[in-house]
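S.K.: Have a look at this one.
Protein chains in written order, with the numbering used here: chain A, 5 to 351; chain B, 23 to 527; chain C, 19 to 327.
What follows is the structure, encoded as C-alpha cells:
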C-alpha cells in the first residue's frame, strides 16, 4: 500500500514535471529556440558537470529549509507562504547577534547565531500560527504580508540603524566578520548549509512519520473536526508546526549570512522563500521528499546562468519554468485516485 | 397556474453505477393531478430514479413520456422546461439573498436586467393564489426551517413547474409543519393544478397524503397501487422484503443512579455569533439513555459540538462523573467519553488516512500502541485494526486502505468500532443511524442499548422521534436552543412531543 | 494661502490626499475584481502576479503601438487570460484555489519579468489625466490633484458593480454560485463555468489596475513596480465586507497609507523612508486581524469561499 501510494505520487509528480517542461519548451520555441537544446542546457547547467552539481546543491540548501517552512504547517492544514520573510528575519537577527560575537570561539558563535536565526524565524511564523488559531486570521494572506513587512524592516535597518557605510555597492548591514563564516564541505565548493538542510529534513521527517506528535498533526491536517473530537491540543500543534517551519526558514537566513554573504542586504531577498512553497507542494509536504525536490529546483535555478549565456534568455526564464511547474503540480492533484493500478489489491 | 399538468410516464428506467445496479427497469405512471408516493428505505433507488427523470443522471435504459411524447432529458434545465420541478431534502435556497431574489432566480426567461418593481408585483399576485405566503423582502437566512421548505415549494410553483418531485421534504419539519405542507400539496393536486411525486421512507406520509404508491427495494419496483387498497403492513413487507431484521434492542434494568454526564446553564453561539443553545441544563445517569428531540437547526448541532470539543461554549459548565470536564484528551480517556456523530466523514474521520489509522484516533498514543510512549507502532495499529474490522464487519480491502475508498455505511462502522469497542462510560450520539438501511440501523441501536445496559450514560440527539421513543429512558425536547419539555419513557407521547418541537404546548 | 514653494505640513496633507486618489487606483481595480471573483465563491490570490503582468503588457503594447489605451486593453486581456487559467485549474476536482493563486502569483511575476526585460529602458506614452487642481497657482497642489482617467473609471465601476450584483441575471447567478453551489447546480448552471468567468472578469480588472502602475503612476516599467499592492487589495476585500462601495473607500485609505512615505520624503523627512513603506502592509495586517474572529466565519463572506471556512 505504501509502496503503491508512493509510486502514485512519483508518477503524478513526474508527469507534472514533464508537462511543465513541454510547456516551457513551447514557450522558448516561440523565441525561435530549439526546445531540445534548451532542455540539454537545463540539464547541463543543473547536473551536467561537477561544477554545476555544486552550484545546484548550493542553491538547494536554503530551498530545503524554506520548503520545510511551508511543508510542516501544511501537514497541520495551514497554508503558510512566509518563508521569504522568515528567512529575512532570521538573517537580520543573525547579523544583530553575530556582530557582537567578534571575539567568541567560532563554533560557539555559529551555534549561537543558528539558534538566533531559527528562533527569530520560528517566532515570526509562530506569530502567524497564533493569529490563525486564536484570532482566526487567514494564515496565507497574513504570512504573505509578513514577507513584505520583513523586507521593509530589513531595508530600514540596512539603510539606517545598522548600515555599514564601508559597503558602497548597495546598502548593507554590519558584517559578522570573516572569522565567524562557515566554510565548505570538505573537497567541494558547497557550503555547510547543505548539511544543515539535509539534517533538518531528516529530523522533521522522523518527527512527522514516526512519532505520536506527527500522527496527531496528520489528524489535524486531515480534518480539524476529527482532531477536536479526539481531544488533541490543536493550538499547541498549530503553534509547534508553524514555529518549527519558521525556524527552518530562519535557519536558512542564518546560513545565507554565515556561509554566503557575511552581512544582511537585499541579497537575502532572492526568492528562496517563494521557491520553497513550490518545493513543499511538489514534495507533497513530505520532509524526506523535500530534500530531493529542493535539489531538483536548485538545479533549475543553477541552470539559469547557462540559459542566459547560451541563448540570451532573461534570468527570469527559470522563474517562468518554476511557475509552470507549480501550476502543473497543482493540476496534477486532480489525478490522485484516478488510476486503478495504484489502488491496493482487494484482500 | 390555470393550466393542468401533463400526463407523465416513466418506462423501464435502469441505471448502473460501476458494478452496482442502482435502478432496474422501474416504471411509473403519473396522471395529471396525481399524488404519487415513492416509498423505499435508504439505498432502494428512490433518489436515483428521480435524478434520472430530472436529467442529473443519464439512465442506461428507460424513457420518459410527457404529454404522450417521448423526450430525451439530458440536463435539469430541459426537465424544467417540460414542467418538472424538484424540492430537495437539503435546501437549495441562497441564504444571503431575499425571498424575492430566490423566487426569480430560476426563471427561464429572467431578463438580463431585472426590473424589481415588476417582479415584486408578479410575486405578490402569485402569493395571493397560494395556500401559504412569505414576505418577499426577508433574507432567507432569517427564515425558520418550515418557512424555507414552503419557500422551496413556492419557488417551484412560481417558476410554473407543474410536476413537483419532493425528495424527503419533511425531514427538517415538525410533524405539524409536515402535515400542513403535504395537505396543501394534496389540495393543489385535487384541483388538478399540480402533479406531486413524494419520495419518502415514512409510511405515515405515504398513507396519509398520497393516492398512489410505488415501493422500491434494491433498485426494483416490488409493489404498489392505490393507497386506499394498502395497509401499513403491506407496505412494510414490500419495503423490507425477506431480509431478517434483528430483534429490537432489549432494555435491561440498570441499578446505578450515579450521574454520568451533567450540563449546567450552557450557552453556545453558532457560526454567525448568535445564541444557538440557551441556558441548557440536563443530567444523564449511568445506565440511562436521555434522548434530545427537536427539529434540525434548533441548537442540537451546537450542543453536540460543544460536548465533542468542536466548539467553545460561551458560558456554563460540563461535568463528567461529578468532575469538571474541560474536554482534554486526558479527561476523555480518564472518564471514557465517546462520541458518535452524523456525517462521520465531516466530523470524525480523515478520509486520506488509512482505516487502521482512523481506528486509532482514540488510542494511538496509548502505551500498547507505541514504542517507548512516543513512537507510533504501525504494527500494533494494524493488529488492532484487523481485530476491529472482523468484530464490526467493516468491509474494506484491508487495514491499510484509505478510508475514502470505503462506502458510507462502512465509514460509519469504522467510527462505531472506534467509539464503542472500548469500555464506554459516557456516550454522546447524534443521529447515529442517519442514512443507513434497516439492518444497519437495528444493529447500531442494539449496540447503543448494549452500552447503556453495560452502565454507560448515553445522550442521544436525534431528529428521528421513532428512534428516541424506541431507545430513550427519558426524552427532552429542544426548541430554539432551549430544553422546553421533559418526559419519561413511560409517559412519552409522540403527539405532545411534536407540539413541543414546534413550541406550541 | 502659504507660498507655493513652502506648503510645509499642509503639503504633506495635500500630497497624501492627492496620493490617495493616485495610488488607490490599482487597489480599487484589483479589489473590485477580487470582489466579483469572491462573490462567485473563488479566491484568486494570484492577482499580484496579474497586476505585474498587466503593468508589463500595458507598457509594452503602449510603447510598441503608441496608444496607452490599447495598452490598458491588452493588460485587461492578459489578466483575463490568467483568470481563465486560474478558473480552469481550480475547477478540477481536488485542486485548491488558494494554492493555484500562489502558483499564478509566481508565474505572473516570472512571466512579466521574462517578457518585460526589453521594455525596461524605452519610454511609453502615458495615460491622460484630469486636472482637478487647475484653479490653483501652486504647482504642488496642481500636481497633487491631477486625477487619472482610470481612477474616474474605477470610481464609476464600484457602484455599477454593486448595482449589477443585485439587478442583473448575471449578478444573481454569480452570487448563487458563491453562496450555495448546490442551488446553482439545481438551477442548471455550471458552477465551475460561472466561477471561471467571474475569475476572468476579476483578472481583467486586475490587469487594468496593473496598466495604471506602468502607464501613469509611477509610470515606468521595472521589476520592482508592484510590491504587494495586488495582495493587499485582496485583504482589503475582506475588510470591505465584499461590498464594492466599501472597496472604493478602503482603497482610498490604502492609497493614502502608501502615499505617506513619499509625501514625508517630499518635505525632507527621508530618514525612515523604508519604515513608512511598511505602513500599508502593517495597516493591512491590522485590518485583517480586526476583521477576523476565532469564533465565527468572516462577516459578509460568500459562504462557499475557502478562506471563510
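Just so it is clear, CB atoms sit at the ideal spot from N, CA and C, and this is done for glycine as well.
Do you know how far the Cα of residue 339 of chain B is from the Cα of residue 372 of chain B?
M.R.: Within the second chain, the letter at position 350 stands for residue 372 of chain B. Within the second chain, the letter at position 317 stands for residue 339 of chain B. Answer to the nearest angstrom: the Cα atoms are 30 Å apart.
S.K.: Got a sec: is the Cβ-Cβ distance from residue 13 of chain A to anything in chain C below 9 Å?
M.R.: Counting from 1 along the first chain, the entry for residue 13 of chain A is found at position 9. No - not a single Cβ of chain C is within 9 Å of the one on residue 13 of chain A.
S.K.: Bridge partners of residue 93 of chain B, per DSSP?
M.R.: By one-based count along the second chain, residue 93 of chain B stands at place 71. Bridge partners of residue 93 of chain B: B:86.
S.K.: Looking at chain B, which residues of the region 187-199 of chain C have a Cβ within less than 9 Å of any of its Cβ atoms?
M.R.: 187, 188, 189, 190, 191, 193, 194, 196, 197 and 198
S.K.: Hey, which unbroken runs of the alpha helix (DSSP H) at 4 residues or more fall wholly within the region 201-235 of chain B?
M.R.: 225-231
S.K.: Can you find a CB in chain A that lies within less than 9 Å of the CB of residue 444 of chain B?
M.R.: For this step, residue 444 of chain B is matched to residue 422 along the second chain. Chain A contact via Cβ: absent.
S.K.: Beta-carbon of residue 201 of chain C versus every beta-carbon of chain D: anything under 9 Å?
M.R.: Given the protein chain composition of this structure (A, B and C), no chain D is represented.
S.K.: Output the distance between the C-alpha atoms of residue 314 of chain A and residue 56 of chain A, rounded to the nearest integer angstrom.
M.R.: Walking along the first chain from the start, residue 314 of chain A turns up at place 310. Walking along the first chain from the start, residue 56 of chain A turns up at place 52. Straight-line Cα distance between these residues: approximately 15 Å.
S.K.: Rounded to the nearest angstrom, what separates residue 38 of chain A and residue 311 of chain A at their Cα positions?
M.R.: Along the first chain, read from residue 1 onward, the residue named residue 38 of chain A stands at position 34. Along the first chain, read from residue 1 onward, the residue named residue 311 of chain A stands at position 307. Spanning the two alpha carbons is a distance of roughly 12 Å.
S.K.: Comparing the C-beta of residue 93 of chain B with each C-beta of chain A, is any distance below 9 Å?
M.R.: Translated into positions along the second chain, residue 93 of chain B becomes position 71. No, its Cβ sits nowhere closer than 9 Å to a Cβ of chain A.
S.K.: To which residues of the same chain is residue 89 of chain A closer than 6 Å at the C-beta, ignoring the five residues directly before and after it?
M.R.: Counting from 1 along the first chain, the entry for residue 89 of chain A is found at position 85. 150, 151 and 154, listed in sequence order.
S.K.: Would you kindly work out how many angstroms separate the C-alpha atoms of residue 306 of chain A and residue 59 of chain A, rounded to a whole number?
M.R.: Here residue 306 of chain A corresponds to residue number 302 of the first chain, with the count starting at 1. Here residue 59 of chain A corresponds to residue number 55 of the first chain, with the count starting at 1. Their Cα atoms are separated by approximately 6 Å.
S.K.: Can you list, in chain order, the residues of its chain with a C-beta nearer than 8 Å to that of residue 416 of chain B? Leave out the 5 residues immediately preceding and following it.
M.R.: Residue mapping note: residue 416 of chain B aligns to position 394 of the second chain, counting from 1. Only 377, 410, 428, 432, 435, 436 and 439 meet the Cβ criterion.
S.K.: Please classify residue 250 of chain B as buried or exposed, where buried requires at least 16 other C-beta atoms within 10 Å of its C-beta.
M.R.: Along the second chain, read from residue 1 onward, the residue named residue 250 of chain B stands at position 228. Label assigned to residue 250 of chain B: exposed.
S.K.: With a 10 Å radius around its C-beta and 16 neighbouring C-beta atoms as the bar for buried, classify residue 258 of chain A as buried or exposed.
M.R.: Taking the first chain and counting its residues from 1, one reaches residue 258 of chain A at position 254. Buried: at least 16 other Cβ atoms inside 10 Å.
S.K.: In angstroms with no decimal places, state the Cα-to-Cα distance between residue 287 of chain B and residue 70 of chain C.
M.R.: As a position in the second chain, residue 287 of chain B is number 265, starting the count at 1. As a position in the third chain, residue 70 of chain C is number 52, starting the count at 1. Taking the straight line joining both Cα atoms gives about 56 Å.
S.K.: Consult DSSP for residue 233 of chain A and reduce its assignment to one of helix, strand or coil.
M.R.: Here residue 233 of chain A corresponds to residue number 229 of the first chain, with the count starting at 1. It is helical.
S.K.: I need the boundaries of the beta strand (DSSP E) containing residue 59 of chain B, first residue and last residue.
M.R.: Reading the second chain from its first residue, position 37 is the one you call residue 59 of chain B. Note, residue 59 of chain B: beta strand (DSSP E), 57-61.
S.K.: Bridge partners for residue 189 of chain B per DSSP, in chain order?
M.R.: Along the second chain, read from residue 1 onward, the residue named residue 189 of chain B stands at position 167. Answer is B:221.
S.K.: Measuring CB to CB, does residue 335 of chain A end up less than 9 Å from residue 209 of chain C?
M.R.: The sequence position of residue 335 of chain A within the first chain is 331, counting from 1. The sequence position of residue 209 of chain C within the third chain is 191, counting from 1. No. Outside cutoff.
S.K.: List the residues of chain C whose Cβ lies closer than 7 Å to the Cβ of residue 123 of chain B, in chain order.
M.R.: Here residue 123 of chain B refers to the residue found at position 101 of the second chain. By Cβ distance, chain C contributes 190.
S.K.: May I ask you to report which of helix, strand or coil DSSP gives residue 139 of chain B?
M.R.: Position 117 of the second chain holds residue 139 of chain B. Residue 139 of chain B: helix per DSSP, three-state reduction.
S.K.: Skipping 5 residues on each side, what residues in its chain have a beta carbon closer than 6 Å to that of residue 166 of chain A?
M.R.: Looking up residue 166 of chain A in the first chain gives position 162. If we look at residue 166 of chain A and ignore the five residues flanking it on each side, its Cβ neighbours are 177 and 178.
S.K.: Do the region 210-219 of chain A and the region 375-392 of chain B make contact, defined as three or more Cβ pairs closer than 8 Å?
M.R.: yes
S.K.: Under the assumption that residue 273 of chain C contacts residue 45 of chain C (Cβ atoms under 8 Å), give the Cβ distance between them as a whole number of angstroms.
M.R.: As a position in the third chain, residue 273 of chain C is number 255, starting the count at 1. As a position in the third chain, residue 45 of chain C is number 27, starting the count at 1. In this structure residue 273 of chain C is in contact with residue 45 of chain C, their Cβ atoms being roughly 6 Å apart against a cut-off of 8 Å.
S.K.: With distances taken Cα to Cα, identify the nearest neighbour of residue 107 of chain B among B:220, B:344 and B:90.
M.R.: Your numbering for residue 107 of chain B matches position 85 in the second chain. Comparing Cα-Cα distances from residue 107 of chain B to each of B:220, B:344 and B:90, the minimum goes to B:220.
S.K.: Under a Cβ-count criterion, where at least 16 other Cβ atoms within 10 Å of its own Cβ denotes burial, should residue 97 of chain B be classed as buried or exposed?
M.R.: Walking along the second chain from the start, residue 97 of chain B turns up at place 75. With fewer than 16 other Cβ atoms within 10 Å, it is exposed.
S.K.: Three Cβ pairs or more, each shorter than 8 Å: is that satisfied between the region 267-274 of chain A and the region 94-102 of chain A?
M.R.: yes
S.K.: Given a threshold of 16 other Cβ atoms within 10 Å of its Cβ, counted over all protein chains shown, does residue 248 of chain B qualify as buried or as exposed?
M.R.: Your numbering for residue 248 of chain B matches position 226 in the second chain. Looking at its Cβ environment, which holds fewer than 16 other Cβ atoms inside 10 Å, residue 248 of chain B is exposed.
S.K.: In whole angstroms, what is the alpha-carbon distance linking residue 144 of chain C and residue 232 of chain C?
M.R.: Residue numbering aside, residue 144 of chain C sits at position 126 when the third chain is read from its first letter. Residue numbering aside, residue 232 of chain C sits at position 214 when the third chain is read from its first letter. Going by the C-alpha atoms only, they are around 8 Å apart.
S.K.: Work out the CA separation of residue 318 of chain C and residue 213 of chain A for me, nearest whole Å.
M.R.: Position 209 of the first chain, counting from 1, holds the residue named residue 213 of chain A. Position 300 of the third chain, counting from 1, holds the residue named residue 318 of chain C. The straight-line gap from Cα to Cα measures roughly 40 Å.
S.K.: Quick check: residue 125 of chain A and residue 240 of chain A, are their CB atoms within less than 9 Å of each other?
M.R.: On the first chain, residue 125 of chain A is found 121 positions in, with the first residue counted as 1. On the first chain, residue 240 of chain A is found 236 positions in, with the first residue counted as 1. For residue 125 of chain A and residue 240 of chain A, no; Cβs fall outside 9 Å.
S.K.: Compute the Euclidean distance between the alpha carbons of residue 27 of chain B and residue 56 of chain B, then round it to the nearest angstrom.
M.R.: As a working note, residue 27 of chain B is residue 5 in the second chain. As a working note, residue 56 of chain B is residue 34 in the second chain. So the alpha carbons of these two residues sit roughly 10 Å apart.
S.K.: Quick one: list the residues of chain C neighbouring residue 130 of chain A, beta-carbon separation under 9 Å, in chain order.
M.R.: Your numbering for residue 130 of chain A matches position 126 in the first chain. Those do not exist, as residue 130 of chain A stays about 15 Å from chain C at its closest Cβ, beyond 9 Å.
S.K.: Counting only C-beta atoms, is residue 302 of chain C closer than 9 Å to chain A at any point?
M.R.: The residue given as residue 302 of chain C occupies position 284 in the third chain. So yes, residue 302 of chain C belongs to the interface.
S.K.: Against chain B, which members of the region 44-62 of chain C pass a CB distance test of less than 7 Å?
M.R.: none
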